[in-house]
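A.B. asks:
Number of protein chains: 2
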Amino acid sequence: MTLTREGCCALGYSCCPECSVGSVGQPRGKEEQMLKHGYPAYTTSCAWLCSSDQLLKQLCTEALKEGWTKFKVKVGADLKDNIHRFRFIQKMIGPDKIMMNITFCYCRNAFDFYFPYPQMLDVTELAEFKPLWTEEPTSPDDILGHATIAKALALLGIGVATGEHCQKRVIFKQLLQAKALTYLQIDSCRLGSVNENLSVLLMAKNFCLPWCWGNWPCELVQHLKVFDYISVSGTPLFVFFSRMCEFVDHLHKHFKYPTVIKNASYMPPQDAGYPTEMKENSARNYQFPEGEVWQEHLSSQKAQQH
Amino acid sequence: MTLTREGCCALGYSCCPECSVGSVGQPRGKEEQMLKHGYPAYTTSCAWLCSSDQLLKQLCTEALKEGWTKFKVKVGADLKDNIHRFRFIQKMIGPDKIMMNITFCYCRNAFDFYFPYPQMLDVTELAEFKPLWTEEPTSPDDILGHATIAKALALLGIGVATGEHCQKRVIFKQLLQAKALTYLQIDSCRLGSVNENLSVLLMAKNFCLPWCWGNWPCELVQHLKVFDYISVSGTPLFVFFSRMCEFVDHLHKHFKYPTVIKNASYMPPQDAGYPTEMKENSARNYQFPEGEVWQEHLSSQKAQQH
Numbered sequence: 001m002t003l004t005r006e007g008c009c010a011l012g013y014s015c016c017p018e019c020s021v022g023s024v025g026q027p028r029g030k031e032e033q034m035l036k037h038g039y040p041a042y043t044t045s046c047a048w049l050c051s052s053d054q055l056l057k058q059l060c061t062e063a064l065k066e067g068w069t070k071f072k073v074k075v076g077a078d079l080k081d082n083i084h085r086f087r088f089i090q091k092m093i094g095p096d097k098i099m100m101n102i103t104f105c106y107c108r109n110a111f112d113f114y115f116p117y118p119q120m121l122d123v124t125e126l127a128e129f130k131p132l133w134t135e136e137p138t139s140p141d142d143i144l145g146h147a148t149i150a151k152a153l154a155l156l157g158i159g160v161a162t163g164e165h166c167q168k169r170v171i172f173k174q175l176l177q178a179k180a181l182t183y184l185q186i187d188s189c190r191l192g193s194v195n196e197n198l199s200v201l202l203m204a205k206n207f208c209l210p211w212c213w214g215n216w217p218c219e220l221v222q223h224l225k226v227f228d229y230i231s232v233s234g235t236p237l238f239v240f241f242s243r244m245c246e247f248v249d250h251l252h253k254h255f256k257y258p259t260v261i262k263n264a265s266y267m268p269p270q271d272a273g274y275p276t277e278m279k280e281n282s283a284r285n286y287q288f289p290e291g292e293v294w295q296e297h298l299s300s301q302k303a304q305q306h
Numbered sequence: 001m002t003l004t005r006e007g008c009c010a011l012g013y014s015c016c017p018e019c020s021v022g023s024v025g026q027p028r029g030k031e032e033q034m035l036k037h038g039y040p041a042y043t044t045s046c047a048w049l050c051s052s053d054q055l056l057k058q059l060c061t062e063a064l065k066e067g068w069t070k071f072k073v074k075v076g077a078d079l080k081d082n083i084h085r086f087r088f089i090q091k092m093i094g095p096d097k098i099m100m101n102i103t104f105c106y107c108r109n110a111f112d113f114y115f116p117y118p119q120m121l122d123v124t125e126l127a128e129f130k131p132l133w134t135e136e137p138t139s140p141d142d143i144l145g146h147a148t149i150a151k152a153l154a155l156l157g158i159g160v161a162t163g164e165h166c167q168k169r170v171i172f173k174q175l176l177q178a179k180a181l182t183y184l185q186i187d188s189c190r191l192g193s194v195n196e197n198l199s200v201l202l203m204a205k206n207f208c209l210p211w212c213w214g215n216w217p218c219e220l221v222q223h224l225k226v227f228d229y230i231s232v233s234g235t236p237l238f239v240f241f242s243r244m245c246e247f248v249d250h251l252h253k254h255f256k257y258p259t260v261i262k263n264a265s266y267m268p269p270q271d272a273g274y275p276t277e278m279k280e281n282s283a284r285n286y287q288f289p290e291g292e293v294w295q296e297h298l299s300s301q302k303a304q305q306h
């Protein structure tokens with residue numbers, strides 16, 4: 001399909017006077033590339049807060065053996081601990097791997113306060129590790145806060161990734177308009193299904209912004225991300241640097257069409273559809289409160305109380 | 001109390017480097033002024049869409065007799081009908097009354113699309129009636145869209161009022177930062193109770209922005225608005241022009257502490273508290289589905305089906 005300005009307006013974009021979405025839908029061998037190499041992924045399973053050095057070492061070693069090259073590192077409130085974790089992991093994965101992510105624990109207290117300025121100070125302290133981005137450095141709805149942070153961190157070569165908590169395309173439109181992010185990190189479940197995902201995807205193409213699917217569970221964007229690459233925004237040159245999809249290694253066993261990872265990339269799904277379907281057994285066992293898993297959990301809780 | 005920059009930070013403002021909230025809490029006779037004249041109100045009960053000329057005439061005549069000077073006029077999709085309604089009402093209320101409001105029917109179709117640009121064209125067509133503001137001209141979350149509209153309409157002397165659908169102070173902070181509104185129209189029920197209302201109120205003082213409480217039901221901001229005027233942002237000079245509270249003449253009978261209107265102003269409440277309490281009878285009768293009102297409604301529906 002070819003999107004004209006009218007087509008763009010029909011999607012409800014407010015940026016239409018400046019917009020030129022251009023042509024979409026010319027695969028140019030991108031389908032073959034996807035089938036051969038898959039869609040690049042980064043792992044978020046290795047570097048959580050509170051993991052011991054021994055566990056970090058074990059998880060990183062396993063991930064390196066599996067071919068992972070991009071690692072997400074969580075950041076907490078303790079700067080000294082953060083520096084230690086970053087140094088430890090960078091030593092493990094080596095200088096040729098990309099240490100890609102600082103995710104802040106941005107909700108600092110029960111009143112849900114956000115402080116972009118102190119967080120920027122935290123990031124500058126970690127700049128020596130050359131993280132690709134900092135993730136959600138302030139309230140997910142604070143477009144202008146993100147823009148301020150993005151401008152300041154650009155001087156240090158650190159990007160801003162956000163979007164996982166954005167509930168509608170209106171917020172994404174503004175994040176793009178305000179140059180408030182360097183990596184657009186959509187959560188496909190939070191938006192209004194396929195239609196709303198597509199509107200964000202087309203806006204991102206319009207603003208030439210790298211994608212980053214921050215999806216949980218990973219199964220749900222198998223088709224969307226491949227469609228985006230083949231038919232909307234992908235170019236063979238940039239695929240390995242400008243777009244990637246988060247991978248967390250859990251829950252796959254519950255899905256009828258689980259993701260397939262090969263050499264740290266998602267292989268394209270071979271079935272049509274939107275693979276949200278769970279296995280019958282899983283759905284039955286996890287039903288609250290009568291499912292087997294809940295019944296076991298509740299019985300053990302009861303036993304502990306007595 | 002006196003709010004310092006640290007105090008401002010403690011409220012979670014992201015705008016603190018530029019902030020200077022200054023002193024609050026010096027009544028300077030403002031309490032007496034409130035007790036004597038009350039808090040200015042505007043009526044939104046007279047000029048709804050689809051009302052016949054006869055009904056408009058009747059409602060405006062009654063409102064004028066009651067002393068109302070500020071009228072909210074609804075605007076729909078039909079420009080010709082809008083112009084007719086505005087002309088009719090302006091003739092009714094006369095040139096010395098303030099016709100204060102254009103409220104757009106901004107949700108244009110089932111997909112919840114927003115189009116700021118066409119709406120601006122609609123407003124310019126109505127500029128001859130000198131409306132004080134246009135209300136929510138685009139998606140309530142679209143800060144940058146509101147800012148674009150506010151900038152364009154300022155040239156016509158028309159303000160932008162918004163905020164009734166804003167769900168948290170982070171959105172208000174940005175609307176203020178981006179100069180996206182001329183009148184801040186809070187809905188006290190949508191925010192997180194007193195604390196979050198106070199944070200928006202203090203930010204509005206910081207940005208010197210006129211208040212406009214868009215509240216429904218009217219009972220719920222009786223204390224907040226008077227506190228704001230006496231202890232935070234009110235100055236005797238500007239009270240009658242820079243702040244007002246919406247009035248809709250319904251539901252009052254269900255509240256234990258109903259609003260008291262005198263000469264088109266809310267009189268300050270005489271009881272302490274946050275007057276959300278409803279009368280026992282009302283709460284019982286409107287309980288779904290066992291309440292008397294619902295039972296009658298459901299029975300009549302059933303009778304119609306047979």
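These protein sequence lines map, in sequence, to chains Z and C.
The first sequence runs 1 to 306 under UniProt numbering.
The second sequence runs 1 to 306 under UniProt numbering.
The beta-carbon is built from N, C-alpha and C at its ideal position, and this holds for glycine as well.
Only a predicted model underlies this, so the values are computations on that prediction, with no experimental measurement involved.
Taking isoleucine 93 of chain Z and leucine 64 of chain Z to be in contact with their CB atoms under 8 Å, please state how far apart those CB atoms are, rounded to whole angstroms.
C.D. replies: Correct: roughly 7 Å between the Cβ atoms.
A.B. asks: Please go through the segment 127-186 of chain C and give each complete beta strand (DSSP E) segment of 3 or more residues, from N-terminal end onward.
C.D. replies: Those beta strand (DSSP E) runs which fall completely within the segment 127-186 of chain C and span 3+ residues are 133-135, 159-162.
A.B. asks: Three or more C-beta pairs under 8 Å: does that hold for the segment 46-59 of chain Z against the segment 249-261 of chain Z?
C.D. replies: Segments in contact, no.
A.B. asks: On the CB-based measure, 16 or more other CB atoms within 10 Å of its CB, does threonine 182 of chain C come out buried or exposed?
C.D. replies: When all chains shown are included, threonine 182 of chain C counts as buried.
A.B. asks: What residues from chain C crowd round alanine 178 of chain Z, counting only those whose CB sits closer than 8 Å?
C.D. replies: Within chain C, the residues near alanine 178 of chain Z are Leu144.
A.B. asks: If you compare alpha carbons, which of Z:Thr134, Z:Thr44, Z:Leu35, Z:Gly29 is closest to phenylalanine 247 of chain Z?
C.D. replies: Comparing Cα positions, the closest option is Z:Thr44.
A.B. asks: If we call anything under 9 Å between Cβ atoms a contact, is tyrosine 42 of chain C one with methionine 267 of chain C?
C.D. replies: Not a contact, by the Cβ cut-off of 9 Å.
A.B. asks: Please state whether the Cβ-Cβ distance between glutamate 196 of chain C and arginine 169 of chain C is less than 9 Å.
C.D. replies: Against a cut-off of 9 Å, the Cβ pair of arginine 169 of chain C and glutamate 196 of chain C comes out as a contact.
A.B. asks: Going by DSSP, which residues form a beta bridge with tyrosine 266 of chain C?
C.D. replies: BP columns for tyrosine 266 of chain C point to C:Tyr39, C:Ile261.
A.B. asks: Note the first and the last residue of the continuous alpha helix (DSSP H) segment covering cysteine 60 of chain Z.
C.D. replies: Cysteine 60 of chain Z -> alpha helix (DSSP H) spans 53-65.
A.B. asks: Please list the residues of the segment 148-177 of chain C that have a C-beta atom closer than 9 Å to any C-beta atom in chain Z, keeping them in chain order.
C.D. replies: If the cut-off is 9 Å between Cβ atoms, the segment 148-177 of chain C has Thr148, Gln167, Lys168, Val170, Ile171, Lys173, Gln174, Gln177 near chain Z.
A.B. asks: Serine 139 of chain Z touches chain C at which residues, Cβ-Cβ below 7 Å?
C.D. replies: Chain C residues near serine 139 of chain Z: Val170.
A.B. asks: Using a Cβ-Cβ cutoff of less than 8 Å, which residues in the same chain neighbour glycine 234 of chain C once the five nearest sequence positions on both sides are dropped?
C.D. replies: Excluding residues within five positions, the ones whose Cβ falls inside 8 Å are Lys30, Asp228, Arg243.
A.B. asks: Using a threshold of 9 Å, state whether the C-beta atoms of proline 210 of chain Z and leucine 184 of chain Z are closer than that.
C.D. replies: Contact flag set, yes.
A.B. asks: How would you call histidine 84 of chain C, buried or exposed, if buried means at least 16 neighbouring beta carbons within 10 angstroms?
C.D. replies: It counts as exposed.
A.B. asks: Short of 6 Å in beta carbon distance, which residues of its chain neighbour lysine 225 of chain C, apart from the five on each side in sequence? Order them along the chain.
C.D. replies: The residues are Tyr39, Trp213, Cys245.
A.B. asks: Using 8 Å as the threshold, is the segment 188-207 of chain C in touch with the segment 158-173 of chain C, meaning 3 or more CB pairs across them?
C.D. replies: Judged by Cβ distances under 8 Å, the segment 188-207 of chain C makes contact with the segment 158-173 of chain C, as three or more pairs qualify.
A.B. asks: My output table needs one value for tryptophan 294 of chain C: the three-state DSSP class, helix, strand or coil.
C.D. replies: Of the three classes helix, strand and coil, the one that applies to tryptophan 294 of chain C here is helix, per DSSP.
A.B. asks: Cα-Cα, which of C:Thr162, C:Lys173, C:Leu202 is closest to isoleucine 186 of chain C?
C.D. replies: Of C:Thr162, C:Lys173, C:Leu202, the residue nearest in Cα terms is C:Thr162.
A.B. asks: Here's the rule I'm using: 16 or more other beta-carbon atoms within 10 Å means buried, otherwise exposed. How should glutamate 32 of chain Z be labelled?
C.D. replies: Counting Cβ neighbours within 10 Å, glutamate 32 of chain Z comes out exposed, since fewer than 16 surround it.
A.B. asks: Could you compute how far the alpha carbon of lysine 70 of chain Z sits from the alpha carbon of threonine 61 of chain Z?
C.D. replies: Using only the alpha carbons, I get a separation of about 13 Å.
A.B. asks: By alpha-carbon positions, which one of Z:Tyr274, Z:Arg87, Z:Leu144 ends up nearest to lysine 130 of chain Z?
C.D. replies: Among Z:Tyr274, Z:Arg87, Z:Leu144, the Cα nearest to that of lysine 130 of chain Z is on Z:Arg87.
A.B. asks: Residues in its own chain within less than 6 Å of glycine 67 of chain Z by CB, not counting five upstream and five downstream?
C.D. replies: Cβ within range, chain order: Asn263, Ala264.
A.B. asks: Where do the ends of the beta strand (DSSP E) carrying methionine 278 of chain C lie?
C.D. replies: Premise fails: methionine 278 of chain C is in no beta strand (DSSP E) and is neither H nor E.
A.B. asks: For cysteine 189 of chain Z, does the three-state DSSP call read helix, strand or coil?
C.D. replies: In this structure, cysteine 189 of chain Z counts as coil in the three-state DSSP scheme.
A.B. asks: Name the DSSP bridge partner or partners of cysteine 245 of chain Z?
C.D. replies: Cysteine 245 of chain Z is bridged to Z:Ala41, Z:Trp213.
A.B. asks: Along the chain, where does the alpha helix (DSSP H) containing residue 307 of chain C start, and where does it finish?
C.D. replies: Chain C is shown only over 1 to 306; residue 307 of chain C falls outside these bounds and no answer can be derived.
A.B. asks: Just the Cα atoms here: how many angstroms apart are alanine 204 of chain C and alanine 180 of chain C?
C.D. replies: Near 13 Å, if we compare the C-alpha coordinates of alanine 180 of chain C and alanine 204 of chain C.
A.B. asks: Could you name the residues that DSSP lists as bridge partners for phenylalanine 255 of chain Z?
C.D. replies: Answer by DSSP bridge pairing, in chain order: Z:Met278.
A.B. asks: Buried or exposed: which applies to glutamine 304 of chain C, given that a residue is buried once 16 or more other Cβ atoms fall within 10 Å of its Cβ?
C.D. replies: It is exposed - the Cβ of glutamine 304 of chain C has fewer than 16 other Cβ atoms within 10 Å.
A.B. asks: Closer than 8 Å by C-beta to aspartate 271 of chain Z: which residues in its own chain qualify, once you throw out the five before and the five after it? Chain order, please.
C.D. replies: Tyr257.
A.B. asks: With a threshold of 7 Å on Cβ separation, who are the neighbours of valine 221 of chain C within its own chain once the five nearest residues in sequence on each side are excluded?
C.D. replies: Cβ neighbours of valine 221 of chain C beyond the five flanking positions: Ser188, Trp213, Asn215, Cys245.
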